Structure formats: structure tokens, C-alpha cells
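Scroll down for the structure; my scribbles are underneath it.
In this note's numbering, the protein residues as written are 8 to 311.
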């Protein structure tokens, strides 16, 4: 599929069988971020001390108001493991306390890093990208929020929502966001990008898209991830972003092309950055086949 960055509870590191599997996958190039709510205790704390080398990062989820009292202990516990601080605020409505700051909160980042001990404890900040937000502009804003401050950005691209849309509308919206998020990750290798959730959820009152269903059968998002990694093995650069009604497109450089994100089934000519088919490959990302004239989902266009 191409997924390399994985986010798991820190308690997974304390389970010997799970930890062994994580170590095997890490040796193959996977990167694990393990998260805890506040400072870990008991077996999880000991596992971080003994086996933190398996991780690429430890994510600490805590209110911004708690940060001053945590930094010294974080620095003492982290060892050689990078720390991502997931600073949430109780007054901000979200599905959980694990989705970090808004993408354009540089002022909050600067205030956190100005605290005593922050630079020794914090290596990166977590930012959340809501279900209605376009991923690439938010990723760029998150990078700008940490630029020049000596820390990295990690983004959580959220798929959870409470109000169901029409099933086809929701599927198209989620597929477009997955394609855009993966493109952003391929263009910005200095930033960690997580799609949340990995597994699709439908509880009747809480909905979330994902890459696999409840039985771990691949959904269209899994194929989109795989096709983008196959088509852009060396990454890409992002150019202009265009919008025509609810349809969007993102121009690419190195290689030249575009990602087309149709909200409906448009005439490709209406998408401003859509190149001619004469000298390009049009890839329907959900199937990997040549995209039809009437686009049915996110489509990658690259020069032959």
C-alpha cells in the first residue's frame, strides 16, 4: 500500500508479542509513533525506557495548560526518541483530545517553545486537519507555523464526522481527501502525515472513513494510497491550486502534471489545470486504470 508511518498507543510497546512485530516492521523501514495521554505509567513507562529505540517518535497528548509541568519529565524520559507534543485545548470541540493545534497557530507554537525546558523536551508539534479542510493548504500552513523554530510538524488528517452525507458524496469527499493528503506527504518529506482513522467506522452517530473496513478489507482509499506511491516513487513538488465550484485541482512539478479532485462527475475541460490527454497519462487512482472521460474520482495526470 505504501504506508510507512504508523501511529499506535504506547501500551502496544509494553506487550511483548506486539513489540516484537513492531521491531520486525521497523527493521523493514516502517516508522512507529507511539502516543500517551500525559506521562506514561507502569509498564508503558518502562517499555518506553527499555524499548524506545524501536520508535521514531513518542507523542505526548496533553492540554496546553499542563505543558509547563510536564517538560522536565518528558526530557528525562525521552532518551534518544523524538517527542511530538500534541497540545490540545479543552475549549476546542473535537472528537478526541488527540488532534493537536490548528494549522495556522504559529503564535501558540512560539509560546510553547518559549517555556522553560521546551527545547530540550519537544522535537515537533502536532496539528489537526478537520474533515472539511483541504489537506494541502493546511499542511503548508502547519509547516509555516514551525518554520525556523527548530521543530518539525506532524499532521493528523481527520475523517471523523457526526452528520452523515449522502453515501456517494461522503465516499467521493473522503477519496479526494486521501489523495490530496498522500500527495502532500509525498511533496513534504520533512513532515509526518497521518490519516485518522486507518479503519473505517460507522456507529450510527459517529462516522469515519478509512483505508480498510472493519474486517480489514481494503477500501478505495487503500488503492489510492498504493497508486500514488507507485506513480510518484520519487515524490513531487506542488504548484498552483485551482478551484471551479466544488471541483479542485493541484498542479504538480517534477514530474509535471496535476491531481484532479472532482466533487461531482465533471467535464475534465472545466478543471483549470487539466492537461490535454494527448501527451499525458490519466490514472483513476481508485482502480489504477485509465480514467474515463467523465471522471469518477480523484485522478492523477502526469506527462508521458
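Don't be surprised by glycine CBs; every beta carbon is placed ideally from N, CA and C.
In this text the structure is predicted, and so the values were computed from the model without any measurement.
Taking the CA atoms as reference points, residue 55 sits about 9 angstroms from residue 47.
A Cβ-Cβ contact shorter than 8 angstroms links residue 90 with residue 67. For residue 146, the secondary structure class from DSSP, reduced to helix, strand or coil, is helix. For residue 121 and residue 107, the gap between their C-alpha atoms comes out near 18 angstroms.
Judged by DSSP in its simplified three-state form, residue 163 adopts strand.
Annotation: the stretch 57–140 contains the following complete segments of the beta strand (DSSP E) (minimum length 3 residues), in chain order: 64–70, 89–95 and 131–136. Counting only residues of its own chain and dropping the five nearest sequence neighbours on each side, residue 18 has a CB closer than 7 angstroms to the CB of 51.
A Cβ-Cβ contact shorter than 8 angstroms links residue 158 with residue 132. Counting along the chain, residue 28 sits inside the alpha helix (DSSP H) bounded by residues 23–34. Judged by their CB atoms, residue 223 and residue 164 are not nearer to each other than the 8 angstroms cut-off. Taking the C-beta atoms as reference points, residue 304 is found nearer than 8 angstroms to residue 179. For residue 255, the enclosing beta strand (DSSP E) stretches over residues 254–260. For residue 30, the CB contacts under 6 angstroms within the same chain, skipping 5 residues up- and downstream, are 61 in chain order. The Cβ-Cβ distance between residue 292 and residue 244 does not fall below 8 angstroms. For residue 216, same chain residues with a beta-carbon under 6 angstroms away, outside a window of 5 residues either side, are 166, 181 and 207 in chain order. A direct Cα-Cα distance of roughly 43 angstroms separates residue 309 from residue 69. Note: residue 12 is bridge-paired with 38 in the DSSP secondary-structure output.
Residue 301 carries a coil assignment under DSSP once its states are collapsed to helix, strand and coil. For the 8 angstroms CB-CB criterion, residue 92 and residue 136 do not form a contact. By the neighbour-count criterion, in which a residue is buried when 16 or more other Cβ atoms sit within 10 angstroms of its Cβ, residue 227 is buried.
Residue 219: not part of any alpha helix (DSSP H); DSSP gives it neither H nor E.
Taking a contact as a CB-CB distance under 8 angstroms, the pair residue 266 and residue 307 counts as one, their CB atoms being some 6 angstroms apart. One Cα belongs to residue 297, the other to residue 287, and the distance between them is close to 11 angstroms. In this structure, the alpha-carbon of residue 22 lies about 29 angstroms from that of residue 76.
Sequence-distant Cβ neighbours of residue 79 in its own chain, meaning closer than 7 angstroms and more than five residues away, are 124.
With contacts defined by Cβ atoms closer than 8 angstroms, residue 119 and residue 149 do not form a contacting pair. Nearest C-alpha to residue 81 among 45, 260, 230 and 261: 45.
DSSP lists 254 as the beta-bridge partner residues of residue 251.
Remark: C-beta atoms of residue 73 and residue 40 do not approach each other more closely than 8 angstroms. Measuring C-alpha to C-alpha distances from residue 197 to each of 153, 58 and 232 identifies 153 as the nearest. Straight through space, the alpha carbons of residue 295 and residue 269 are spaced by roughly 17 angstroms.
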